[in-house]
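Position one of the sequence shown corresponds to residue 82 (our numbering), numbered consecutively onward.
Built from N, CA and C at the ideal position, the CB exists for glycine as well.
Values in this document were obtained by computation on a predicted structure and should not be read as measured data.
The structure appears below as C-alpha cells.
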Amino acid sequence: MTVGTVFAFLFGLALGSFLNVCIYRIPLKKSIVRPPSSCPTCGAGIRFYDNIPVISYIALLGRCRHCHTPISIRYPLVEIITGLLSAALFLRFGLSLHYVFLFLFTAALIAIAFIDLQHKIIPDGISLPGILVGLAFSFFPSAGIPPLDALIGVVGGGGFLFLVGTAFEKVTGREGMGGGDVKLLAMIGAWMGWKALPFIILISALSGAVIGGVSLAASGQGVRSRIPFGPFLALGALVFLFFGEDIVLWFYRLGR
Ligand SMILES: [Zn+2]
C-alpha cells in the first residue's frame, strides 16, 4: 500500500461522486455540469461539506439535511466501487496513460451498469463515444490490443448480441436484448479486443443467470419481467480486465 494507491483511491471516490451526477442526470437528459447538485425531493442545494464522498452519507445518516428524505445507498456504493477500482488499476499499471485510459473505460462501465439497473436503458451518449475512445486506445502500442482486434471486437461484439436478440425475438415474440446492450458489447469489444469476448459473454451470462434468477425468485415476478443485462456485461468486462490472463490460462488447462 503506497501513498499513490491511497491517492488513486481518493481520486476514484471523487470521480465516483461525479459518476453519481451522471447516473442521475444523463437518463433525464439534464446537463451534467450545471446546475450544482440539489436534493431531488426538496430542491435544497447541497453544500460542499454535505457532498464529500461516503463521509457525508455517513454523517447525514443517509438522509437529506433539509427534508430528511433518505438518500439512495447507490451514492456511497458507486463512490466506493469507483475508488476501489481506481486503486486496483493503479496497483496494476502505476501512474501511466494505461491507468488513465482504463479508468475512463471502468468509469463508463460503472455509469452504464447503474443507469441500466435503474432505468433499463444504456445511453448512446456513453457507449458510442466509448467505442471511439476504445478504438483510439488500441493505437497505443502498450494497449496490448492491436487496432484490428479492437475493430473486430466492435463488429463481433455488437453483431453477436444483435443476432442473439433477433433470434430471441423470432422465437419468443418478445424483445430480449435491447439496442443498448448491442452497443455496450461493441464498446467492450473495442477496449478488450475480440479474443476477450467469448469469456466476457460467458461470465456475463453465468452471473446474469445466477444473480438474475435469485432476484427474480426473491421478487416473485417470474421470468416475464426483464432483467437489465448491461450490469452483467459490465461485470464480465471488469472481471476479465483484472483476471483475464488467469481465466484464459485456466480455461486452456481444462482443455488438456
Ligand atoms: Zn431534501
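Straight-line Cα distance separating residue j from residue i
i	j	result
L91	N132	14 angstroms
R146	L100	22 angstroms
G119	G93	It should be pointed out that residue 119 corresponds to Ser in this sequence rather than to Gly. S119 and G93: Cα-Cα distance of roughly 22 angstroms.
S285	G311	9 angstroms
P338	I161	Missing from the structure shown is residue 338; the chain here goes from 82 to 337 and no further.
A95	A188	12 angstroms
R229	L316	The residue asked about is misnamed: residue 229 is Leu in this sequence, not Arg. Roughly 24 angstroms separates the two Cα atoms.
A290	I269	20 angstroms
F249	A89	43 angstroms
P227	G294	37 angstroms
G260	G238	12 angstroms
P222	L178	11 angstroms
I202	I292	19 angstroms
R334	T83	35 angstroms
L141	K251	51 angstroms
L213	H149	42 angstroms
R255	L165	38 angstroms
Heavy atom of ligand 1 within 7 angstroms of residue i beta-carbon
i	result
C145	yes
A299	no
A125	yes
C148	yes
C120	yes
Cβ shell of residue i (< 7 angstroms), same chain only, five flanking positions each side left out
i	result
L242	M258, D262, V263 and L266
F184	S167 and L170
Y138	I152, Y156 and P157
F182	F218
A103	According to the sequence as given, residue 103 is Cys; it is not Ala. So the qualifying residues of the chain are I113 and A192.
L176	G85
V135	L94, P157, E160 and I161
F195	I104, R155 and V159
G126	P117 and S119
Cutoff 8 angstroms: residue i Cβ touching any chain B Cβ
i	result
F129	Going by chain labels, chain B is absent from the structure shown, which holds only one protein chain.
8 angstroms CB neighbourhood of residue i in its chain, flanking five on each side removed
i	result
F332	F280
G301	none
Close Cβ partners of residue i (< 6 angstroms) along its chain, the five nearest in sequence each way excluded
i	result
V320	I284
For this session: Taking only runs that begin and end inside the stretch 224 to 269, name each unbroken alpha helix (DSSP H) of 4 or more residues, in chain order.
Result: Runs of the alpha helix (DSSP H) inside the stretch 224 to 269: 228 to 253.
Exercise. Could you give the uninterrupted runs of the alpha helix (DSSP H) lying entirely in the stretch 166 to 209, keeping only those of 4 residues or more?
Worked result: List check, alpha helix (DSSP H) in window: 178 to 200.
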